[in-house]
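In the numbering used here, the protein residues as written are 26 to 230.
Structure (structure tokens):
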């Protein structure tokens, strides 16, 4: 990990993208270990976590994770999902957090030395370029070890440093039966993320 002890760093976690990446590698993330790993390497100012929530459900499987993160040092950024019907008549639920993440990165850039972006979404390439022009280093965390790769080539090329989640796995993997076990995101079939745009396919009515 390419960090300096005194540089001011913030983590920006695209929740659905990170979940999909960890799932592709076959492990669950212990967010307490992840937070501790980066805090031990640098002056970590903030850790932002972005996810959309389905508000009309009596119980959302992601809610325990969101609540735990909120009480344990993460800055949560959430918004309600939107429901629509696709061309085949299937109900879909969309919750894209790209704009919220991009705005926060740009607002925080003047107060940081280094940004860590947990996402492989190629749409963030221009965002990375913009903060680099402000003199901020950018590390992208995703993986090329899955089939297919979870990181867009243009985003990986733009980043100052690329960290493969596969290499971080031994340090951030959730240990079965451990004290810090938390629910994964998401866990029910009707809340499976369909793609990087955070589209869920809802159960038929």
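For glycine and all other residues, C-beta sits at the position ideal for the given N, C-alpha and C.
Going by DSSP in three states, residue 68 sits in which element: helix, strand or coil? Looking at residue 68 - three-state DSSP - the assignment turns out to be strand.
Do three or more CB pairs link the region 156-164 to the region 136-148 at distances below 8 Å? yes
Count the other C-beta atoms from every protein chain shown that fall within 10 angstroms of the C-beta of residue 46, then say buried if there are 16 or more, exposed otherwise. buried
For residue 167, which beta-bridge partners are listed by DSSP? BP columns for residue 167 point to 189.
Tell me residue 116's beta-bridge partners as DSSP assigns them. 110
Just how far apart, CA to CA, sit residue 97 and residue 31? 23 Å
Neighbourhood of residue 65 by C-beta distance below 7 Å, restricted to the same chain and skipping five residues each side: none
Specify the secondary structure class of residue 184 as computed by DSSP and reduced to three states. coil
By the three-class DSSP mapping on this structure, what secondary structure does residue 29 have? coil
Pull up the DSSP beta-bridge partners for residue 142, would you. Under DSSP, residue 142 forms a beta bridge with 37, 165.
What does the alpha-carbon distance come out to for the pair residue 56 and residue 38? 11 Å
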